[in-house]
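**Student:**
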Amino acid sequence: MTLKLGMPINYAGDFRETIENLRDFESVGVRRVTVPEAYSFDAVSQLGYIAARTDTMELQTGILPMYSRTPTNLAMTAAGLDYISGGRAILGIGASGPQVIEGFHGVKYDYPLGRARENAEICRKVWRRERLEYRGKHYQLPLTAEDGGSGLGKSLKIINHPVRDTIPMLLAAIGPKNVELAAELFEEFQPFLFLPEYVEEAFGPALAAGYAKRDPALGALSIVVQTSALITDDVDAAEQALNAIRHHTALYIGGMGARGKNFYNSLVQRYGYVDEAKLIQDLYLSGRKDEAAAAVPDELVRKMSLIGPRSYVQERVEAFRGADVGVLLASPAAHTHAERVDTMRELAEIIG
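Just so you know, we're using the working numbering here: the sequence shown kicks off at 46 and counts up by one.
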């Protein structure tokens, strides 16, 4: 599988300044950009702006929560982004979590697996311009009187002709059942805290179960991985970048979810860090965040990232490639724009 270089846009930064500089990254080989959507600004309006300022980059939503939009709205949104960008959209969707969905959106967090399946099936019907007749467990189109509607709903198809009748779909997934669904039904899947050496332990059985049901017409499943990059011989600079990852990782392992309901903590345990994951959570939830960061295993931090001398970064790129990663979304950790562009240029050369 061809390995692509991409990069995420930080929703907390100066968006306009970042986009003004985006062509510099495009010119050195960055082939995809993704904009996150947590409970900040929406991702789609920003990607629309990016579409007008770039020429070749793929534009990935990363990640649109399923609960805050209907399946047809997701399909319309992806088709609109695909239209204005000339066929560069990647629709990334995910379940998010109950703290955000119920806390920020006020929508019940239920049946994420079934909803993901029905979202994918409905989106593809929209893009093929089929009249929408769908009787799912979670979505019914049209909504009839028997379903609780007025009985006036009509079976409609999208007015415009989409640029593509198949827009690549990505599912954010780390739990076994979601990973299985991604391997069965999606073009791409995006895990988090990805450790390529342990892909079989963490995802192997789920991927195999999904592949067994996969339609060959979907092609090979591409794994999309977010990482940090800094190519340097400066030990202090590398350690500073790694320390930032430790704190970010501790947030997810320790604090992103309730005790007993933290998907990231469960993932790290599947990597084999059972005691470490429990300790990090205990420390983080008791407010000892620095100690939680210090407890993150050094191997996990280093092998998830692309930080160190060029020779080491080359080794890590090959490890990701060997784990069937198709897209590396690398956040350059250098301090200046020129240094960040240089990091991405060098990384593009390494990837080839």
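We put the beta carbon where it would ideally sit given N, CA and C, even for glycine. Please read all numbers here as calculations on a predicted model, not as lab measurements.
Could you check the C-alpha separation between ALA190 and THR115 for me, to the nearest Å?
**Tutor:** For the purposes of this step, residue 190 is taken as the residue at position 145 of the sequence shown. For the purposes of this step, residue 115 is taken as the residue at position 70 of the sequence shown. Roughly 19 Å separates the two Cα atoms.
**Student:** DSSP three-state label for PRO143, please.
**Tutor:** To locate residue 143, count along the sequence shown from 1; it is residue 98. Helix.
**Student:** Among residues of its own chain, excluding the 5 on either side of PRO250, which ones have a beta-carbon nearer than 8 Å to its beta-carbon?
**Tutor:** Here residue 250 is taken as the residue at index 205 of the sequence shown, counted from 1. Within the same chain, and ignoring the five residues on either side of PRO250 in sequence, the residues whose Cβ sits closer than 8 Å to its Cβ are PRO221.
**Student:** If you drop the 5 nearest sequence neighbours on each side, which residues of the same chain put their C-beta closer than 8 Å to that of GLU71?
**Tutor:** The residue given as residue 71 occupies position 26 in the sequence shown. Excluding positions up to five away in sequence, the list reads THR99, ASP100, THR101 and MET102.
**Student:** LEU324 to PHE86, Cα distance in whole Å?
**Tutor:** Against the sequence shown, residue 324 aligns to sequence position 279. Against the sequence shown, residue 86 aligns to sequence position 41. So the two alpha carbons sit approximately 33 Å from each other.
**Student:** So if DSSP puts ILE298 in a beta bridge, which residue, or which two residues, is it bridged to?
**Tutor:** For the purposes of this step, residue 298 is identified with residue 253 of the sequence shown, where counting begins at 1. Beta-bridge pairing links ILE298 to no other residue.
**Student:** Where does TYR256 fall in DSSP's three states?
**Tutor:** Taking the first residue of the sequence shown as 1, we reach residue 256 at position 211. DSSP places TYR256 in helix when its eight states are reduced to three.
**Student:** Measuring CB to CB, does SER350 end up less than 9 Å from ARG366?
**Tutor:** Stepping through the sequence shown from its first residue, residue 350 is reached at position 305. Stepping through the sequence shown from its first residue, residue 366 is reached at position 321. No; because the gap between Cβ atoms is not below 9 Å, this pair is not in contact.
**Student:** Does DSSP classify LYS153 as helix, strand or coil?
**Tutor:** Here the question's residue 153 lines up with position 108 in the sequence shown. In the structure shown, LYS153 sits in coil (DSSP, three-state: anything other than H, G, I, E or B).
**Student:** Let's see if you can read the secondary structure: which residues bound the alpha helix (DSSP H) around GLY367?
**Tutor:** On the sequence shown, position 322 is the one that residue 367 refers to. Per DSSP, GLY367 belongs to the alpha helix (DSSP H) from 355–367.
**Student:** Answer with buried or exposed for GLY51, where buried requires no fewer than 16 other C-beta atoms within 10 angstroms of its C-beta.
**Tutor:** Numbered from its first residue, the sequence shown carries residue 51 at position 6. The residue in question, GLY51, is buried, as its Cβ has 16 or more Cβ neighbours within 10 Å.
**Student:** Within 10 angstroms of its Cβ, does PRO207 collect 16 or more other Cβ (buried), or is it exposed?
**Tutor:** Here residue 207 refers to the residue found at position 162 of the sequence shown. By the neighbour-count rule (16 or more Cβ atoms within 10 Å), PRO207 is buried.
**Student:** Use the C-beta contact count for LEU238: other C-beta atoms within 10 angstroms, 16 or more gives buried, fewer gives exposed.
**Tutor:** One-based indexing of the sequence shown puts residue 238 at position 193. So LEU238 counts as buried.
**Student:** DSSP three-state call for LYS222: helix, strand or coil?
**Tutor:** Start at 1 with the first residue of the sequence shown, and residue 222 comes out as number 177. The answer is helix: DSSP assigns LYS222 an H, G or I state.
**Student:** Does the Cβ of SER356 have 16 or more other Cβ atoms within 10 Å, making it buried, or fewer, making it exposed?
**Tutor:** Translated into positions along the sequence shown, residue 356 becomes position 311. Exposed, since its Cβ has fewer than 16 Cβ neighbours within 10 Å.
**Student:** Three-state secondary structure (DSSP) at GLY137?
**Tutor:** Residue 137 sits at position 92 when you count from the first residue of the sequence shown. Here GLY137 sits in strand by DSSP.
**Student:** Check each candidate in LEU67, PRO81, PRO236 and GLU336 and name the one with the smallest Cα separation from ALA383.
**Tutor:** Counted from its first residue, the sequence shown places residue 383 at position 338. Comparing Cα positions, the closest option is LEU67.
**Student:** Mind checking whether TYR256 and ALA217 have CB atoms under 9 Å apart?
**Tutor:** Here residue 256 refers to the residue found at position 211 of the sequence shown. Here residue 217 refers to the residue found at position 172 of the sequence shown. Contact: no.
**Student:** With ARG406 as the anchor, note down where its beta strand (DSSP E) starts and where it stops.
**Tutor:** Not covered by the structure: residue 406. The range shown for the chain is 46 to 397.
**Student:** Thinking C-beta only, is GLU233 closer than 9 Å to PRO261?
**Tutor:** Position 216 of the sequence shown holds residue 261. Position 188 of the sequence shown holds residue 233. Their beta carbons are not under 9 Å apart, which means PRO261 does not touch GLU233 by this criterion.
**Student:** Looking at chain D, is there any beta carbon in it that lies within less than 9 Å of the beta carbon of PHE234?
**Tutor:** The structure shown has no chain D; it contains just one protein chain.
**Student:** Please say whether VAL372 and LYS398 have beta carbons closer to each other than 9 Å?
**Tutor:** The question about residue 398 has no answer, for the chain in this structure spans 46 to 397.
**Student:** Would you tell me roughly how many angstroms separate the C-alpha atoms of MET301 and TYR156, rounded to the nearest one?
**Tutor:** The count along the sequence shown starts at 1 and reaches residue 301 at position 256. The count along the sequence shown starts at 1 and reaches residue 156 at position 111. Going by the C-alpha atoms only, they are around 20 Å apart.
**Student:** Can you grab the Cα-Cα spacing for the pair PHE149 / ASP278, in whole Å?
**Tutor:** Counting from one through the sequence shown, the residue named residue 149 turns up at place 104. Counting from one through the sequence shown, the residue named residue 278 turns up at place 233. About 43 Å.
**Student:** Out of ARG61, TYR297, LEU312 and LEU201, which one is the CA nearest neighbour of ALA247?
**Tutor:** Your numbering for residue 247 matches position 202 in the sequence shown. Among ARG61, TYR297, LEU312 and LEU201, the Cα nearest to that of ALA247 is on LEU312.
**Student:** Is ILE108 near GLU147, with beta carbons less than 9 Å apart?
**Tutor:** For the purposes of this step, residue 108 is taken as residue 63 along the sequence shown, with counting starting at 1. For the purposes of this step, residue 147 is taken as residue 102 along the sequence shown, with counting starting at 1. No, Cβ-Cβ distance for ILE108 and GLU147 is not below 9 Å.
**Student:** Helix, strand or coil for ILE212? Go by DSSP, reduced to three states.
**Tutor:** The residue given as residue 212 occupies position 167 in the sequence shown. ILE212: coil per DSSP, three-state reduction.
**Student:** With GLU321 as the anchor, note down where its alpha helix (DSSP H) starts and where it stops.
**Tutor:** Numbered from 1 along the sequence shown, position 276 holds the residue referred to as residue 321. Element bounds for GLU321: 319–330.
**Student:** Going straight from the alpha carbon of LEU240 to that of ALA322, what length do you get?
**Tutor:** Indexing the sequence shown from 1 puts residue 240 at position 195. Indexing the sequence shown from 1 puts residue 322 at position 277. Using only the alpha carbons, I get a separation of about 15 Å.
**Student:** Within the continuous beta strand (DSSP E) that includes SER376, where are the two ends?
**Tutor:** What you label residue 376 is simply residue 331 of the sequence shown in a count that begins at 1. Per DSSP, SER376 belongs to the beta strand (DSSP E) from 370–377.
**Student:** Starting from THR388, follow the alpha helix (DSSP H) in both directions and report where the run begins and ends.
**Tutor:** In the sequence shown, counting from the first residue as 1, residue 388 sits at position 343. Residue range 382–396 is occupied by the alpha helix (DSSP H) that includes THR388.
**Student:** May I have the straight-line CA-CA distance separating THR381 from ASP387, to the nearest angstrom?
**Tutor:** Walking along the sequence shown from the start, residue 381 turns up at place 336. Walking along the sequence shown from the start, residue 387 turns up at place 342. The straight-line gap from Cα to Cα measures roughly 10 Å.
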